[in-house]
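Chemist: Here it is, the structure, as structure tokens.
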Amino acid sequence: MKLIIIDKKKTGVFMIIVGLMLVLFCLEVNFEGKLKLTSLIQNNISSLKLYNVTEKNITYKLPGEWATQQEKFSGGELIYHNRFISNKGDIHGYVDVWNLRQDLKIFLEQSREISKSQNIISGYKLADFYYNDRDGFKVVYSMTTKAGDKYKAYEYFIKCDESFIRFAFYVNQIEFKENMPMNFETIVKAVDIRQQN
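Each residue of the sequence shown is one higher than the one before, counting from 36 in our numbering.
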């Protein structure tokens, strides 16, 4: 028969450390949410406006101060397109919903080639992006237009059933701020994709 001896001091110290770790974890989760809100406020984004893509049961939010313009396209491949521009004009882009007729990575390669034929692309980085158990990609690059304008580009692609959502944000390099990518991710993560009936 083995006799187990428990050191009360070591057990007490261990319990205190575990308790402190739990407290720090809870504070970190709370702090992260407030940090995102603070980042939005620093960029004069006080409220988010809800948009609906009724064809695919998708809702998303953009800053209420941003001007938007929905456009329709024929062909059935691009089923939703909403352009936006910030009230200061430093951020512009669009939200698309595409019918997915091929692998998303192949689409991204084709999109990259088209963009390279129209602009000078540098620093292209493709990374996996996950949101609410959905796979996707995040693409970051710098772009110089034929007119010589320089932009930082952040694009997010989220798969949903037989389609995907594309959030594209373009910022003039002179106007770029370090907290903007966090704002973009906060906007992207506000998307709600409901199951089709």
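For every residue, glycine included, the Cβ atom is placed at its ideal position computed from N, Cα and C. As the structure is a prediction and not an experimental result, all values here were calculated from the model.
1) Suppose you measure from the CA of Leu-139 to the CA of Asp-131; what does that come to, to the nearest Å?
2) Report the three-state DSSP secondary structure of Ser-157 (helix, strand or coil).
3) Do the region 148-156 and the region 205-221 touch if we need at least three Cβ pairs shorter than 8 Å?
4) Hey, which unbroken runs of the alpha helix (DSSP H) at 4 residues or more fall wholly within the region 102-169?
5) Using DSSP with H/G/I as helix, E/B as strand and the rest coil, what is Asn-79?
6) Bridge partners for Gly-171 per DSSP, in chain order?
7) Where does the unbroken beta strand (DSSP E) through Asn-207 begin, and where does it stop?
8) Does the Cβ-Cβ distance between Ile-120 and Ala-102 come in under 8 Å?
9) Where does Lys-45 sit, in a helix, a strand or coil, going by DSSP?
10) Can you tell me which of Tyr-205, Phe-199 and Trp-133 puts its alpha carbon nearest to the alpha carbon of Thr-180?
11) Among Leu-57, Met-56 and Leu-97, which has the Cα closest to the Cα of Lys-224?
12) Taking 6 Å as the limit between beta carbons, can you name the residues of its chain near Lys-160, skipping five residues before and five after?
13) Tell me whether Val-226 sits in a helix, a strand or coil according to DSSP, three-state version.
14) By Cβ distance, which residues of its chain are closer than 7 Å to Leu-83, with the 5 residues on each side in sequence left out?
Modeler: Answer, in terms of the structure:
1) For this step, residue 139 is matched to residue 104 along the sequence shown. For this step, residue 131 is matched to residue 96 along the sequence shown. Distance between the alpha carbons of Leu-139 and Asp-131: 14 Å.
2) Locating residue 157 in the sequence shown gives position 122, counting from the first residue. Strand.
3) no
4) 139-153
5) Position 44 of the sequence shown, counted from the start, is the residue given in the question as residue 79. Residue placement at Asn-79 cannot be trusted, given a pLDDT of 48 that sits under 50; what the coordinates show is reported in the next sentence. Three-state DSSP puts Asn-79 in coil, outside helix and strand.
6) Start at 1 with the first residue of the sequence shown, and residue 171 comes out as number 136. Partner(s): Phe-164 and Ile-193.
7) As a working note, residue 207 is residue 172 in the sequence shown. Start and end: 198-207.
8) To locate residue 120, count along the sequence shown from 1; it is residue 85. To locate residue 102, count along the sequence shown from 1; it is residue 67. It is a contact, given that the beta carbons lie within the stated cut-off.
9) Within the sequence shown, numbered from 1, the residue matching residue 45 stands at position 10. Helix.
10) Your numbering for residue 180 matches position 145 in the sequence shown. Out of Tyr-205, Phe-199 and Trp-133, Tyr-205 has the C-alpha closest to the C-alpha of Thr-180.
11) One-based indexing of the sequence shown puts residue 224 at position 189. When only C-alpha atoms are compared, the closest one is Leu-97.
12) Sequence index remark: in the sequence shown, residue 160 carries index 125 (1-based). Val-175, listed in sequence order.
13) By 1-based counting over the sequence shown, the position of residue 226 is 191. Three-state result, Val-226: coil.
14) Position 48 of the sequence shown, counted from the first residue, corresponds to residue 83. So the list reads Lys-96, Leu-97, Pro-98, Gly-99 and Ala-225, once near-sequence residues are dropped.
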